[in-house]
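The sequence shown runs contiguously to residue 345 in the numbering used here. In what follows, a single structure is set out as structure tokens and then discussed.
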Amino acid sequence: MLATKDPAASLEAALPSPELRLLRAYGLGTVFALTVLWLAAQFLAFEPQLGLQRVGAQLTPMAGPSVDHLLGTDQLGRDLLLRLVASVDSFYLPGLFAALVVLFLSVPAGTLLGYRDGGLLALVVSFLLTTLSSWPRLVLVVVGVAMFTAMVSDPAAWEEQRLFMLGGLVGLSYVPDLARALAARLRSLRQQSFVEACRAHGLSERSILLRHMLLTNCWRIVLRHCCLVFGAFLLVETSLSYLGDYGVPPPRPSWGNMLAGVKSSVLTSRGLIFGADSSLSDGLFLAVNQGGLLAVLAPSLAIILSIGGLLALAEYLARRDWR
């Protein structure tokens, strides 16, 4: 007696599990929220409470939530919610640029290594990928940005270009990862029977590669790495802005320099109020009592939730790719 497949069981196997649906909802929700916040940030560029031009004397530093300031104010009296939204403008487009860099460099390199057999060009590309992957990512990014900053006479005037260069360096550091993953997938697909069937039907090699291999079977790998690169750029940008050397300089808002400003205010408050021999916990206690808890939590949670959402979307794409 021949065994028959249960249609309900086949449909259940094809549908994503509750865990995958949660990852998809979290990841897509993060991308949608960041896009909406970036659009909103375009209308906040000239808001005086952001502190981009000046800080009004009437503003109250470290104020708690109120009707006028829903999340309170920072150490200079600037509205936390407005600065939180405006900070998205510092990494959104450069992060997309980083994803485009890894996309347009990795796909041709991975295709060359995975679909063609040998050749001098493939050997050169493989050597370049090996050389690039031998550099630690953070060292490559910091050295590149430091060289760019040293070359320009007025770094403040090249602030936007420096962010895009930072995005390009982050994307460049991830090119070997995507190129090798794509090459491995293409080598596996070349052994599948559908490739021979396409050739038997008279399809060209270009059509087989683009339509039946890259666009049909490899797009999740590419999109997953783009999500990882965007998240990596966000982490690098906020870290460098927090350190204050090669990130986003004040008064332009960034989640990293928002945290750095609160840290500086806490250390100053500790010395002025409790004396030079006081502990850091005394300064934190003062900042919390002054309403500065949200000044720490808001950018911290924004960084954690945003990077977590991008990683969740990448994880969803990775699991769906092998189902």
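Just so it is clear, CB atoms sit at the ideal spot from N, CA and C, and this is done for glycine as well. In this text the structure is predicted, and so the values were computed from the model without any measurement.
Three-state secondary structure (DSSP) of residue i
i           : result
residue 348 : Since the first residue shown for the chain is 23 and the last is 345, residue 348 is missing from the structure and cannot be characterised.
residue 82  : coil
residue 101 : strand
residue 109 : helix
Nearest neighbour of residue i, chosen from the options [CA to CA]
i           : options              : result
residue 336 : 54, 192, 243 and 260 : 243
residue 267 : 316, 342 and 169     : 169
residue 105 : 118, 127, 156 and 65 : 65
residue 63  : 320, 107 and 171     : 107
residue 54  : 114, 338 and 161     : 114
residue 198 : 59, 229, 88 and 132  : 132
residue 124 : 57, 152 and 246      : 246
residue 140 : 258, 209 and 230     : 209
Cα-Cα separation, residue i to residue j
i           : j           : result
residue 194 : residue 200 : 11 Å
residue 218 : residue 145 : 27 Å
residue 206 : residue 260 : 33 Å
residue 249 : residue 333 : 7 Å
residue 134 : residue 233 : 16 Å
residue 164 : residue 129 : 25 Å
residue 119 : residue 110 : 14 Å
residue 281 : residue 252 : 21 Å
residue 183 : residue 196 : 20 Å
residue 79  : residue 166 : The predicted model places residue 79 with a pLDDT of 46, which falls under 50 and marks its position as unreliable; any figure quoted below should be read in that light. The alpha-carbon atoms of residue 79 and residue 166 are separated by roughly 40 Å.
residue 276 : residue 56  : 14 Å
residue 176 : residue 279 : 20 Å
residue 187 : residue 227 : 36 Å
Residue i vs residue j beta-carbon contact at 8 Å
i           : j           : result
residue 341 : residue 44  : no
residue 112 : residue 274 : yes
residue 189 : residue 117 : yes
residue 192 : residue 255 : yes
residue 284 : residue 318 : yes
residue 94  : residue 331 : no
residue 257 : residue 329 : yes
For the pair the segment 324-336 and the segment 94-102, tell me if three or more CB-CB distances fall below 8 Å. By the Cβ test, the segment 324-336 is not in contact with the segment 94-102, since fewer than three Cβ pairs between them sit closer than 8 Å.
Is there contact here, the segment 216-233 with the segment 154-170, by at least three beta-carbon pairs under 8 Å? No, because fewer than three Cβ pairs between the segment 216-233 and the segment 154-170 fall closer than 8 Å, the two stretches do not touch.
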